[in-house]
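Worksheet: the structure to be examined is printed underneath.
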Amino acid sequence: MLDSPRLRIAVRRDPLIVEDLRSTTVSDDPVQRRDLILLENARSGDLDAFNDLVVCYQDQLFALIVRMVPDRDQASDCVQEAFFSAFRNLAGFRGGSVKSWLHRIAINAAMDIQRARKRRPVQPYPELDDESWQPPAGKDADPVTTALTTERHRAINDALATITYDQRAAIILFDVEGYDYAEIADMTGVSLGTVKSRIHRGRLALRDRLAGRMELFRG
Amino acid sequence: MPHVSDVRSTSHDRHDPMLVAALAAGDLAGTDHDQAIALTRSCPECATLHDDLLALARATAAAPPPIATRPRDFRLTPADAARLRPSGWRRLVAAASSSRTIFSRPLGAGLATLGLVGLLVGNVQLGSNSAGAAPRAATSGAGAAAAAAAPSSREFTSLDAAPAASGGAAEGQVPVALPAASAAASAPAASDSAVRGSGTGSASGSGLPDEVHAAPLGVVPGNAAASQPAATEPLASGDSVSTEPLRPLNLLFGAAVIVGVALLVGSLFRGRRTA
């Protein structure tokens, strides 16, 4: 009976606690093991351990959230609030990937920010008017290629900022972060079909926004 | 006569772009997949759409974030940590509803159910006791019966049809509820009493303690003659004994409901936000 597939599925769906993970899946992934040890220490009251986690993930979380929340200050507040929430709810971690756990908290915080933003709209991506920053180019990069790449990135970021938040979040989690449909559905609290629909409609919306600039992306 | 290109665009407009988008995302299988492939082969616009969507997906994945560097360090200070650590009852609820405590949800559901059932059963029993007391009270009268019933009347609200038949017990007192005992015979008189009552009637005339007068009893001074004849049966002493223990039980069950609901809400909220 213990070997029945039904029971195995139930066990896999029910997240294991941290101590169990250490002895199983954690040993295969040093990053995951490091995260779980830091998290366990943070649970014990070690603030430095939690801040080590923050240092490990703050850039990733900011890069994720700043694509979703089109304002640097709001994105920054959102990430800070996500870390606050993670610290408050250390006991709520059910095992698995610490990175996914933090991403989920950050996405929830971004949703809250978006709801608040509907009441107080802001200018999206004001930093894009600043021409001073360019993505780093390789040593032998052709200036024309570099300019095209920069223009392409600018265009796609502009277009992303104009589609709906739900579509943007789904596309970023799928295309940029590499999560699969089930993980995105779990993170955003919607069904698998809704995630697919958001991604498909979001890409179609992106194409509509970029109708006059699609040559940048072809070839 | 429409131009040829117009006919083509009209034809493409009838095609389903979501099908092409699903094909580009690799989500199709079976007949849908075959249909989408046929569409992209037969319709140049659909083929272009498919290629564009693939290119956009690649470009999205390769695009750097619009803002390269985070504006500040997000590490927590000791002051932040002290502020964020749950304290007091929140700490208790957090500990109890922690997902590590795998019993939190079943425990919460069990406590809430137990509390609700206890409250329901207790109050149904209370209601049946008071309902049973009313007919007996109807056959009894004032005087000694009123004195016997008065303590139990403190346990009832006005809706409980308190078992006190206290005609003539206290003239001038404000009647809050019409008692079941005298409702049928003396409702008009009770109303009269309510109009005439000053609310400051003393207990000296009725022989009842002061707290009895504060109880929500209907007092019908003008109907004393109607209810006096059968004033011998001590009716409600048993009722007061049976309902007395329900009060702490109600408190206990109410506390169980509150704790159970708190556990459930805590675990559900934490699960949604941070799981």
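If you're matching them up, the sequences are chains A and B in order.
Under the numbering used here, the final residue of the first sequence carries the number 1017; numbering is consecutive throughout.
Under the numbering used here, the final residue of the second sequence carries the number 552; numbering is consecutive throughout.
Don't be surprised by glycine CBs; every beta carbon is placed ideally from N, CA and C.
Kindly list, in the order they appear in chain B, the residues whose Cβ is closer than 7 Å to that of residue i.
i	result
Ile969 (chain A)	Thr337
Gln856 (chain A)	Arg347, Phe351
Leu861 (chain A)	Reading off the sequence, residue 861 (chain A) comes out as Ala, not Leu. In chain order: Pro342.
Gln878 (chain A)	Phe351
Val864 (chain A)	Pro342, Pro343, Ile344
Ser895 (chain A)	Chain B residues near Ser895 (chain A): none, gap ~12 Å exceeds 7 Å.
If distances are taken between C-alpha atoms only, which option among the options comes closest to residue i?
i	options	result
Leu388 (chain B)	B:Ile535, B:Ile344, B:Gly543	B:Ile535
Gln858 (chain A)	A:Arg902, A:Pro941, A:Asp844, A:Ala1003	A:Arg902
Val394 (chain B)	B:Ser544, B:Leu529, B:Gly543	B:Leu529
Pro363 (chain B)	A:Cys876, A:Arg950, A:Arg841, A:Leu862	A:Arg841
Ile961 (chain A)	A:Asp973, A:Arg1007, A:Leu837, A:Val829	A:Arg1007
Asn955 (chain A)	A:Asp826, A:Phe891, A:Arg1005, A:Ser898	A:Arg1005
Asp869 (chain A)	A:Ala914, A:Phe891, A:Asp827	A:Ala914
Arg352 (chain B)	A:Gln872, A:Asp826, A:Gln878	A:Gln878
Cys323 (chain B)	B:Ala298, B:Asp304, B:His310, B:Arg347	B:Ala298
Ala533 (chain B)	B:Gly399, B:Gly392, B:Gly543	B:Gly392
Val401 (chain B)	B:Asn527, B:Asp293, B:Ala334	B:Asn527
Ala908 (chain A)	A:Leu862, A:Glu838, A:Gly893	A:Leu862
Arg349 (chain B)	A:Cys876, A:Met866, A:Val867, A:Arg865	A:Cys876
Gly543 (chain B)	A:Ala1003, A:Glu1013, A:Ala957, A:Gly890	A:Gly890
His292 (chain B)	B:Leu326, B:Val398, B:Ser381	B:Leu326
Thr275 (chain B)	A:Phe848, A:Leu990, A:Glu838	Nothing can be reported for residue 275 (chain B), as the shown portion of chain B is limited to 278 through 552.
Gly893 (chain A)	A:Val942, A:Leu946, A:Phe860, A:Leu837	A:Leu837
Thr944 (chain A)	A:Ile835, A:Leu1014, A:Ala1003	A:Leu1014
Leu946 (chain A)	A:Met1012, A:Asp871, A:Asp826	A:Met1012
Ala334 (chain B)	B:Arg524, B:Gly399, B:Gly303, B:Ala359	B:Gly303
Phe860 (chain A)	A:Asp910, A:Leu900, A:Gly976	A:Leu900
Gly991 (chain A)	B:Leu361, B:Leu305, B:Ser288	B:Leu305
Val829 (chain A)	A:Ser898, A:Ala880, A:Asp846	A:Ser898
Using a Cβ cut-off of 9 Å (strictly closer), state whether residue i contacts chain C.
i	result
His901 (chain A)	Chain labels in this structure do not include chain C; the protein chains are A and B.
Among the residues of its own chain, which have a CB less than 6 Å from the CB of residue i, if the five just before and after it don't count?
i	result
Asp833 (chain A)	Val896
Glu981 (chain A)	none
Gly385 (chain B)	Gly537, Leu540, Leu541
Ser874 (chain A)	none
Ala964 (chain A)	One point to set straight first is that residue 964 (chain A) is Asp, not Ala, in the sequence displayed. So the list reads Arg996, once near-sequence residues are dropped.
Ile905 (chain A)	Met985
Val741 (chain A)	With chain A represented from 799 up to 1017, any question about residue 741 (chain A) goes unanswered, as that position is not in the structure.
Gln912 (chain A)	Tyr963
Val993 (chain A)	Ala968, Tyr979, Ile982, Ala983
Ala957 (chain A)	Leu1004, Arg1007, Leu1008
Ala502 (chain B)	Confidence is the limiting factor: at Ala502 (chain B) the pLDDT is only 42, short of 50, which leaves the residue's position unreliable, though a coordinate-based value still follows. No residues qualify anywhere along the chain.
Val867 (chain A)	Ala873, Cys876, Ala908, Ile911
Leu1002 (chain A)	none
Against residue i, what residues of chain B qualify as contacts under a CB-to-CB distance less than 8 Å, listed in chain order?
i	result
Lys994 (chain A)	Ala299, Ala302, Asp304
Asn849 (chain A)	Arg352, Leu353
Val853 (chain A)	Arg352
Leu845 (chain A)	Leu353, Pro355, Ala358
Arg870 (chain A)	Ile344, Pro348
For a contact defined as C-beta to C-beta under 7 Å, what are the partners of residue i on chain A?
i	result
Phe530 (chain B)	Chain A residues near Phe530 (chain B): none, gap ~29 Å exceeds 7 Å.
Pro294 (chain B)	Leu1002
Excluding the 5 residues preceding and the 5 following residue i in the sequence, name in chain order all residues of the same chain whose CB lies nearer than 7 Å to its CB.
i	result
Arg810 (chain A)	Only weak support exists for where Arg810 (chain A) lies, its pLDDT of 37 falling under 50; the coordinates are left without a value.
Pro412 (chain B)	Residue confidence for Pro412 (chain B) is low, a pLDDT of 48 falling below 50, so the modelled location carries little weight and cannot support an answer.
Asp1035 (chain A)	The requested residue 1035 (chain A) does not occur in the structure, where chain A is confined to residues 799 to 1017.
Asp812 (chain A)	Any answer about Asp812 (chain A) is weak, because its pLDDT of 40 lies below 50 and its placement is not dependable; what the coordinates show is given next. Contacts found: none.
Gly399 (chain B)	Leu523, Leu526, Asn527, Phe530
List, in order along the chain, the chain A residues whose C-beta lies closer than 8 Å to that of residue i?
i	result
Pro363 (chain B)	Arg886
Less than 8 Å between C-beta atoms, sequence neighbours within five positions excluded: which residues of the same chain meet that for residue i?
i	result
Leu396 (chain B)	Asn527, Phe530, Gly531, Val534
Leu888 (chain A)	Leu837, Ala840, Arg841, Phe848
What residues from chain B crowd round residue i, counting only those whose CB sits closer than 9 Å?
i	result
Ser842 (chain A)	In chain order: nothing, as chain B lies at least about 13 Å away.
Ser898 (chain A)	What Ser898 (chain A) touches in chain B: nothing, since even the nearest Cβ is about 10 Å away.
### Task
May I ask you to verify whether the stretch 325–332 of chain B touches the stretch 998–1005 of chain A, counting CB pairs closer than 8 Å and requiring at least 3?
yes
### Message
Give me the subset of the stretch 318–345 of chain B whose CB atoms are less than 9 Å from a CB atom of chain A, sorted by chain position.
### Response
Thr325, Leu326, Asp328, Asp329, Leu330, Ala332, Leu333, Ala334, Arg335, Ala336, Thr337, Ala338, Ala339, Ala340, Pro341, Pro342, Pro343, Ile344, Ala345
### Message
What are the residues in the stretch 304–315 of chain B lying within 9 Å of chain A by C-beta distance?
### Response
Asp304
### Task
Specify whether the stretch 962–970 of chain A and the stretch 980–995 of chain A touch according to this definition: at least 3 beta carbon pairs, one from each stretch, less than 8 Å apart.
yes
### Query
Between the stretch 997–1016 of chain A and chain B, which residues of the former have CB atoms less than 7 Å from a CB of the latter, in chain order?
Ile997, His998, Arg1001, Leu1002, Leu1004, Arg1005, Met1012, Phe1015, Arg1016
### Query
When the Cβ atoms of the stretch 338–356 of chain B are set against those of the stretch 316–323 of chain B, are three or more pairs found closer than 8 Å?
no
### Task
Could you tell me whether the stretch 343–360 of chain B touches the stretch 300–314 of chain B, where touching means 3 or more Cβ pairs closer than 8 Å?
no
### Message
By the 9 Å beta-carbon criterion, what residues does the stretch 945–978 of chain A contribute toward chain B?
### Response
Thr947, Arg950, His951, Arg952, Ala953, Ile954, Asn955, Asp956, Ala957, Leu958, Ala959, Ile969, Ile970, Phe972, Asp973, Val974, Gly976
### Task
May I ask you to verify whether the stretch 848–857 of chain A touches the stretch 872–891 of chain A, counting CB pairs closer than 8 Å and requiring at least 3?
yes
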